[in-house]
Amino acid sequence: MAAAAAAASTSRLLLLRHHHHAAADGYSSKPSSLALPRLRLLPAAGALLPDRVTPFSYEEDDESDDHPREECGLVGVVGDPDASSLCYLGLQKLQHRGEEGAGIVAVGGDGKLKSVTGLGLVADVFGDPARLASLPGPAAIGHVRYSTAGAAASLRNVQPFLAGYRFGQVAVAHNGNLVNYQALRNKLEARGSIFNTSSDTEVILHLIATSLSRPLLSRICDACERLAGAYSLLFLTADKMFAVRDPHGFRPLVLGRRRNGAVAFASETCALDLIEATYEREVEPGEVVVVDRRDMSVSSACLVPHRPRRSCVFEHIYFALPNSVVFSHAIHERRTAFGRALAEESPAAGADVVIPVPDSGFYAGLEFQQGLIRWHYSGRSFIQPTQAIRDLAVKLKLAPVHGVIRGKSVVVVDDSLVRGTTSSKIVRLLRDAGAREVHMRIASPPVVGSCLYGIDTPSEGELISNRMDLEGVRREIGSDSLAFLSLGKLHSIYGAEAEGYCDACFSRNYPVLPTLPEPVVELEE
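Every number in this note's numbering is 85 more than the matching position in the sequence shown, counting from 1.
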């Protein structure tokens, strides 16, 4: 997330500027099969969580990283003989968007789709060169994930999903979260569908398989008309690739082209840059882009009637890499603007030094010193057995530079504050390193609502700003002062575009509300 703050020291105004989300076993080469409709006894529908639509997997014990997590990253390449290798490289660049699992589905020379998926980082899943070598062909799609709907550590939930139905094979990769997932699943199960995963993405495959429309483009449109929530999708068949974005445009999806004419899709432009694909444009909200690999023709269709755009503002605040262009804005420019705005709103008079929380504060200020060093190789602290050992693990991840901090009044800039666990540890860490004062500045508004559209956030009861007022949060984290970028100031940065962004985590104004499952009649065997 991106952070910003300003400290006036004598005649000097320190502007905070920085944000970069650092990102960073087992595998399977068996495709996930889609069971076609069949009558079965339908169990009673489970109750929904009061403030979530589908089960999220936020690690409650992972106190080392208190930021919300993006759920998925997508890459697709069509028209290049090294498509799967290019997808692998693109997924490496999007590793920050998902670290729990990765997979690639490719079309072979025989027109058959083959899948390799696994748990862990991209480099772990494809560490054996034979795995990539088993995916030759001119078209491929790839996926990295955290989990929203679906168990975090289950291999069967790792995408892309590959299914066979009566008209052939189709693979899908999904970034987002469906707020009517359970309602759709209940109806499909009532009609005999059998699910192999706990992922909301499988619903999309069932809707395609049961659609009466022809051809596949019409089936995809039929399916998406029944979806509610956030979805950026890549579909792959023997001869075509489809890129789809929900009509509100919650999650990003961009299109680029390589010098050899190959077409590429990705969640962020940084992945296009790595594989030397020139960014051309966004896939527009409500659009389906179709690439036919037989003649490399590119066509576009309108998915559903126009709806108000609601792109996720947290992509700019935290998720996307600083060298990406997301929603037609350069990320580093957005984050610099957040830093300037926070500096104007909440200077820390008399502060001696401004330091960012790595890796999420460097673009939120104009002047700072590196008072904290981040160690990227320590793993997750929640695996440690005791709280005392977990506290030591935080010191491994963030090490203070004593010469910068000792005896100083320090302004600390971070992009967001969610549960407060990381911030409180940073404050203690700086005081132990000799800081005279610690002032926290957050380059986004207080997070008071859980996300329903593909961000892994704690329940509202765990969100510290939902439970406490500003002074209560300050006391809880132990800082001498605390300030957030106001929601009004955030809106002013976007100007007339502000209405086109979803800020529900700050405002609780949810553009698409959950659909509760309807009672269904049980079918007898």
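For each residue, glycine too, the CB sits at the ideal point set by N, CA and C. Everything numeric in this text was worked out from a predicted model, so none of it was measured.
Query                                                                                                                                                                                 : Result
For the region 367-379 against the region 552-566, do three or more pairs of beta-carbon atoms, one drawn from each stretch, fall closer than 8 Å, so that the two count as touching? : no
Rank Gly563, Val497, Glu522 by C-alpha distance to the C-alpha of threonine 506 and give the top, closest one.                                                                        : Gly563
To the nearest angstrom, how far is it from the Cα of leucine 240 to the Cα of glycine 183?                                                                                           : 14 Å
Does the pairing of the region 319-331 with the region 267-274 give three or more beta-carbon distances under 8 Å?                                                                    : no
To the nearest angstrom, how far is it from the Cα of histidine 391 to the Cα of serine 385?                                                                                          : 15 Å
Extract the residue ranges of the beta strand (DSSP E) inside the region 480-548, only unbroken runs of 3 or more that lie entirely within it.                                        : 483-485, 494-499, 522-527
Indicate the three-state DSSP secondary structure (helix, strand or coil) for asparagine 594 in the structure shown.                                                                  : coil
Restricting to Cα atoms, I'd like to know which of Gly346, Ala520, Gly456, Val503 is closest to proline 441.                                                                          : Gly456
According to the neighbour-count rule (16 or more other Cβ atoms, all chains shown, within 10 Å of its Cβ), is glutamate 418 buried or exposed?                                       : exposed
As a quick exercise: from Gly534, Ser494, Leu269, Ala362, pick the residue whose alpha carbon is nearest that of arginine 521.                                                        : Ser494
How many Å lie between phenylalanine 591 and phenylalanine 399 at the Cα?                                                                                                             : 10 Å
Would you tell me roughly how many angstroms separate the C-alpha atoms of alanine 91 and aspartate 565, rounded to the nearest one?                                                  : The predicted model places alanine 91 with a pLDDT of 34, which falls under 50 and marks its position as unreliable; any figure quoted below should be read in that light. So the two alpha carbons sit approximately 15 Å from each other.
Which of the three DSSP states is assigned to asparagine 281 in this structure?                                                                                                       : coil
For glutamate 310, count the other beta carbons within 10 Å of its own beta carbon; 16 or more makes it buried, fewer makes it exposed. Which is it?                                  : exposed
By a C-beta neighbour count over all protein chains shown, 10 Å radius and 16 as the cutoff for buried, is phenylalanine 252 buried or exposed?                                       : exposed
Looking only at C-alpha atoms, which of Cys587, Ala224, Thr542, Ser413 sits nearest to glycine 196?                                                                                   : Ala224
Short of 6 Å in beta carbon distance, which residues of its chain neighbour proline 549, apart from the five on each side in sequence? Order them along the chain.                    : Inspection of the sequence shows that residue 549 is occupied by isoleucine rather than by proline. Closer than 6 Å at Cβ, skipping near neighbours: Arg504, Gly505, Val558.
The alpha helix (DSSP H) with serine 170 in it runs from where to where?                                                                                                              : 168-178
With leucine 179 and glutamate 361 assumed to form a contact (beta carbons below 8 Å), what rounded beta-carbon distance in angstroms separates them?                                 : Between glutamate 361 and leucine 179 the Cβ distance is about 16 Å, and since that is not below 8 Å, they are no contact.
Give me whichever residues DSSP pairs with cysteine 397 in a beta bridge.                                                                                                             : Cys587
Just the Cα atoms here: how many angstroms apart are glutamate 582 and asparagine 262?                                                                                                : 24 Å
In three-state DSSP terms, what is glycine 573?                                                                                                                                       : helix
Among all the DSSP beta bridges, which residues are the ones paired with phenylalanine 404?                                                                                           : Beta-bridge pairing links phenylalanine 404 to no other residue.
Classify threonine 202 as buried or exposed, calling it buried when 16 or more other Cβ atoms lie within 10 Å of its own Cβ.                                                          : buried
Could you check which residue in Phe280, Ala528, Cys587 has the C-alpha nearest to that of alanine 428?                                                                               : Ala528
Which residues mark the beginning and the end of the alpha helix (DSSP H) in which leucine 301 is found?                                                                              : 301-310
First and last residue of the alpha helix (DSSP H) that includes asparagine 260?                                                                                                      : No alpha helix (DSSP H) contains asparagine 260, which is instead part of the beta strand (DSSP E) from 253-263.
Please give the ranges of any beta strand (DSSP E) in the region 356-392, keeping only runs that are unbroken, at least 3 residues long and fully inside the region.                  : 362-367, 372-377, 382-387
Between the C-alpha atoms of proline 485 and serine 409, what's the straight-line distance to the nearest angstrom?                                                                   : 29 Å
From the DSSP secondary-structure annotation, give me the bridge partner or partners of isoleucine 226.                                                                               : Gly161, Val190
In whole angstroms, what is the alpha-carbon distance linking alanine 349 and glycine 193?                                                                                            : 18 Å
Under the three-state reduction of DSSP, which class applies to alanine 349: helix, strand or coil?                                                                                   : strand
Specify the secondary structure class of phenylalanine 211 as computed by DSSP and reduced to three states.                                                                           : coil
Just verifying my parser: in three-state terms, what is the DSSP assignment at lysine 197?                                                                                            : coil
Three-state secondary structure (DSSP) at serine 313?                                                                                                                                 : Residue identity differs from the one stated: residue 313 is alanine in this sequence, not serine. In this structure, alanine 313 counts as coil in the three-state DSSP scheme.
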